[in-house]
Amino acid sequence: MMQELLQYLFTGITSGAIYAIIAVGYSMLYNSTELINFAQGEFVMIGGMSLMTFWGVLKIPLPFSILLAVAVTALCGLIFERLAIRTAKKDNHVVLIIITVGASIFLRGAAMILWGKEPHSVAQFTSFPPINIGGAVIVFQSLWIIIGALIIAVALDFFYRRSLTGKAMTACAINMRAARLTGIPAGFMVLLAFVISSSTGAVAGSMIGPITMCSYDMGTVLGLKGFCAAMLGGLGSLWGSLAGGIILGILESLGAGYISSGVKDATAFLALLMILYFRPGGLFGKKDIKRF
Amino acid sequence: MKNEIVFNRACFAVLITLVAAAGFFIDNSYYIQTLTLIGINTLLALGLNLLMGYAGQISLGHAAFFAIGSYTTAILTTKFMMSPWLALPAALVLAAAVAYVVGIPTLRLSGYYLGMGTLGFGMIVNICIREWDSYTGGASGLVGIPGLSSPFVSFENPRNFFFLVWAVLILFFIASQRIMDSRVGRALRAIHDNEAASLILGVDTKDLKLKIFVLSAVMAAVSGFLYAHMITFISPGTFDFLASIRIVTMVVIGGMASIWGALFGASLLTLLPEWLHSFADFEMMIYGLILMVVMIFMPQGLTRGLIDIYEQAKSKK
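In order, the protein sequence lines correspond to chains A and B.
To convert, note that position 223 of the first sequence is 223 in our numbering; the numbers rise steadily by one, no gaps.
For any residue, its number in our numbering is found by taking its place in the second sequence, counting from 1, and adding 1000.
Structural data, given as structure tokens:
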């Protein structure tokens, strides 16, 4: 009994940490641009697929492969911002939604042609044996994912609170026009926000490969769940998104374990609807938020 | 205004003539099938256009209502041996009820949140279809849905079915035209332009948004019903997230806020994959690219955008 519960918790925390990293990507972008990028999941997929190519196929050492995967994805984010978002009419939400949805379909289609339809497997980062705690097993890759999520969170927290660029980005988030008047290059900050959010997505993507496998269509569900996690914790809040991810992961794993495996995917969307209806600011966000 | 009415009447006359001509003179059953499919897709796009184009409310989960229409009639006719004509009202009532219940909380949201809320709803419906396999057949789908028959004409004949679909579509066309030219239509357009302002002017925005949402859901269910009895086989893949996006694309391409745009967008996107058969793998990329490019450069849609470009060029001369 206890062992079962422990196992579900471990599984939940592992997938939760992935959702958390993706959620942070959504949150950081929303924070500086008030934009929700429906293509975020595709950035995760590109990160995973690039890692598979660099590390699995080209045999480049792992740390460099991760860096390269992040760089490739960040470049995609950069191009997307320059070509699509910057030229679009900004004040119409429906238009922006459709553009990012279009980008996500485009990237998925491109990945299908580039990497094929079948899923690719990626080896574990390290070949340590799984750890056994109280009868429940946790694979070593899970620890890497959790460590990765924590490093990202701490680094971003430090960046936003301590560095001048980070503070400038926060200023843009609060009031874009006022920030521009004080001499902050707002356009560059938006670009930077895109680069940061696509990079975090790439990190999530490169870490998940060994656990699930990479395929061209992995991004959609991951992206949506990352968004659910961000909403659950509080969109725009770094630690809130992180917590939202972990909670969502655990909820899903418990639902799959105790009810049925079919419930697993529905959990996230049910949680999303409930949060949207009853507490749009998120569990840890401010209760009333100006976005409605 | 008067010009517009004349223009619309002329369009209807041309449309009806074309449909009649196509129905009587085209013998190739593949062409007839494609044209029928265009009709079904146009009905879908027309419903979403009322919601997106006129009321300005996005729905990224519209395939859910298409699915409710298809699956209700499919389950009732194959598992309960009901007549399709009895299944039709059941499907419509179910779609309307679901839209009403889901619409009340969802339509309170706006912008991205409405997009995400409707998307989440669409995903949940799709997951339910996949998982509830004792009735829906799960991932492998439902086979053996009967064709439509009646004492006078059999719609199992593709030509008759074609006429049925287009007759239904033209009825909905006229109805939408009427609604949009009425007080309700003006109120909806006001909501599109500025929801707060229209609320102040005394428009019951909540109620109107809900009504138009229910109407568009019912239209999606009608097309779902027709689709199920035309193809006689349905599976969850037809109603997934990409399907919802395809409907949005039809509306966007055709041009929001124009019922003729829905026809244009649906025709283009039904024919495109047929033309691009050899590029099957590129279909997704092309879809994505069309969505992005049209929205970036012609946020009003392709029809409106092209007209604007034409008029600009004319005024320059």
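Glycine is no exception: its CB is placed at the ideal position from the N, C-alpha and C atoms.
Small disclaimer: the values here were computed from a predicted structure and weren't measured.
Limits of the alpha helix (DSSP H) - the one that residue i falls within
i, result
"Ile184 of chain A", "Premise fails: Ile184 of chain A is in no alpha helix (DSSP H) and is neither H nor E."
"Asn175 of chain A", "Per DSSP, Asn175 of chain A belongs to no alpha helix (DSSP H) and is neither H nor E."
"Ile133 of chain A", "Unbroken run through Ile133 of chain A is the beta strand (DSSP E), Ile131 to Ile133; no alpha helix (DSSP H)."
"Val1093 of chain B", "Pro1084 to Thr1106"
Residues of its chain near residue i, where Cβ-Cβ distance is below 6 Å and the 5 sequence neighbours each way are ignored
i, result
"Gly1103 of chain B", "Leu1210 and Phe1213"
"Tyr1100 of chain B", "Val1214"
First through last residue of the beta strand (DSSP E) which encompasses residue i
i, result
"Ile85 of chain A", "No beta strand (DSSP E) holds Ile85 of chain A; DSSP gives it neither H nor E."
"Val137 of chain A", "Ala136 to Ile138"
Inter-residue Cα distance where the pair is residue i and residue j
i, j, result
"Cys1011 of chain B", "Ala1097 of chain B", "34 Å"
"Phe1282 of chain B", "Asn31 of chain A", "34 Å"
"Glu1311 of chain B", "Ile1016 of chain B", "28 Å"
"Ser261 of chain A", "Thr200 of chain A", "29 Å"
"Phe159 of chain A", "Ala153 of chain A", "10 Å"
"Val57 of chain A", "Val195 of chain A", "26 Å"
"Gly166 of chain A", "Gly1111 of chain B", "27 Å"
"Gly12 of chain A", "Gly249 of chain A", "4 Å"
"Ile259 of chain A", "Gly1122 of chain B", "22 Å"
"Gly205 of chain A", "Val221 of chain A", "12 Å"
"Glu1156 of chain B", "Ile98 of chain A", "38 Å"
"Asp1308 of chain B", "Val24 of chain A", "41 Å"
"Leu68 of chain A", "Ala111 of chain A", "17 Å"
"Thr1034 of chain B", "Gly1023 of chain B", "12 Å"
"Ser1149 of chain B", "Ala1220 of chain B", "22 Å"
"Leu150 of chain A", "Asn37 of chain A", "23 Å"
"Phe292 of chain A", "Asp1193 of chain B", "Low confidence applies to Phe292 of chain A: its pLDDT is 37, below 50, so where it sits in the model is not reliable enough to give any reading."
"Ala1055 of chain B", "Arg86 of chain A", "26 Å"
"Arg108 of chain A", "Ala71 of chain A", "18 Å"
"Ile1170 of chain B", "Ile247 of chain A", "50 Å"
"Lys290 of chain A", "Ala168 of chain A", "With a pLDDT of 45 at Lys290 of chain A, under the threshold of 50, the predicted position of this residue should be treated as unreliable, and no value is reported."
Min CB distance residue i to chain B below 8 Å
i, result
"Thr330 of chain A", "Given that chain A is displayed from residue 1 to residue 292, the structure contains no residue 330 of chain A and the question cannot be resolved."
"Thr220 of chain A", "yes"
"Gly223 of chain A", "no"
"Pro210 of chain A", "no"
"Gly262 of chain A", "yes"
"Ile46 of chain A", "no"
"His120 of chain A", "no"
"Tyr26 of chain A", "no"
"Tyr277 of chain A", "yes"
"Gly234 of chain A", "no"
"Arg177 of chain A", "no"
"Leu191 of chain A", "no"
"Val101 of chain A", "yes"
"Asn31 of chain A", "no"
"Ile247 of chain A", "no"
"Leu6 of chain A", "no"
Cut-off 7 Å between Cβ atoms - residues of its own chain near residue i, not counting five sequence neighbours on either side
i, result
"Ala243 of chain A", "Gly233 and Phe284"
"Arg180 of chain A", "Ala186"
C-beta neighbour in chain A for residue i, strict 8 Å
i, result
"Tyr1112 of chain B", "yes"
"Asp1193 of chain B", "no"
"Asp1281 of chain B", "yes"
"Tyr1329 of chain B", "There is no way to answer for residue 1329 of chain B, as the model of chain B reaches only from 1001 to 1317."
"Val1006 of chain B", "no"
"Pro1105 of chain B", "yes"
"Gly1056 of chain B", "yes"
"Glu1311 of chain B", "no"
"Glu1131 of chain B", "yes"
"Gly1115 of chain B", "yes"
Expected contact under 8 Å - CB spacing of residue i and residue j to nearest Å
i, j, result
"Pro1236 of chain B", "Arg1130 of chain B", "5 Å"
"Gln141 of chain A", "Ile211 of chain A", "6 Å"
"Gly245 of chain A", "Ala20 of chain A", "3 Å"
"Ile120 of chain A", "Met28 of chain A", "The sequence shown places His at residue 120 of chain A, not Ile. Actually they do not touch by this definition, with Cβ atoms about 28 Å apart."
"Ser198 of chain A", "Cys76 of chain A", "6 Å"
Same chain, Cβ closer than 8 Å to residue i, neighbours up to 5 away in sequence not counted
i, result
"Ile1290 of chain B", "Thr1249 and Ile1253"
"Ile238 of chain A", "In the sequence as presented, Ile is not what sits at residue 238 of chain A; that position holds Leu. Around Leu238 of chain A: Val24, Ser27, Met28, Ala153, Leu156, Asp157 and Tyr160."
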